[in-house]
Amino acid sequence: MRKLLVLVTLGVLLGSLFAAGNVQLQLTGQSVSWSQTLTFSVRQWIKVTWDYDETQTFAIDDATGESVIGNISFQSNKRFKMYYATPIIPNGVSVSALKVGSTTLSADQNNPTDVSSKLLSGQLSVVFSGLTPDQSDFQVKFEFTFMPF
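What the sequence shown shows, in mature numbering (1 follows the signal peptide of the UniProt record, and there is no 0), is residues -19 to -1, 1 to 130, in sequence order.
Below, the structure written as structure tokens:
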């Protein structure tokens, strides 16, 4: 019974936080009015949409060192800058390019990539250097940092 009470209370609280629905106004005289208070924000937001199979091991082209990871989109309500880092990468291996479509992303925090159109999207590909023919499977962690324009 206690679990049910907690769940019902939580449902009511969440419902009041994210209220939506219809309003029915009944005209009983000359007029009827309705008001709604909305909150707006000018703070910047960035939406990242990345379509790829998280369970997949990505093949690297042995001639170019390139691997295609899927499609990615960075979208914002304002212009922004961004760069990436690779805190986890095997010794001797490096990322020589990380691209979204034809745009090469910067790995330099002092010279980030400008996204003046508020949208950067396309096929995400990474180009590796320092690979050896007997290289075993490895993991790379990408960290993306976003800054105001």
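Just so it is clear, CB atoms sit at the ideal spot from N, CA and C, and this is done for glycine as well.
Asked, Found
"Stretch pair the segment 25 to 37 + the segment 46 to 58: three plus CB contacts closer than 8 Å", "yes"
"Option nearest PHE104 by Cα separation, candidates GLU47, GLY73, LYS62, GLN116", "Before going further, note that residue 104 is Gln rather than Phe in the sequence given. Comparing Cα-Cα distances from GLN104 to each of GLU47, GLY73, LYS62, GLN116, the minimum goes to GLU47."
"First and last residue of the uninterrupted beta strand (DSSP E) at LYS122", "122 to 129"
"Exposure label - GLY110; buried when at least 16 CB within 10 Å", "As written in the sequence, residue 110 is Ser, which differs from the Gly given in the question. SER110 is exposed by the Cβ-count criterion."
"Cβ contact (3+ pairs, closer than 8 Å) linking the segment 10 to 30 and the segment 65 to 85", "no"
"Minimum Cβ-Cβ distance from SER98 to chain C less than 8 Å", "Absence of chain C from the displayed structure is noted, only one protein chain being present."
"Straight-line gap, LEU19 to ASN91 (C-alpha atoms, nearest Å)", "39 Å"
"Those residues which DSSP pairs with ILE27 across a bridge", "SER57"
"Through-space distance from ASN58 to LEU6, alpha-carbon basis", "35 Å"
"DSSP state of GLY103 mapped onto helix, strand, coil", "strand"
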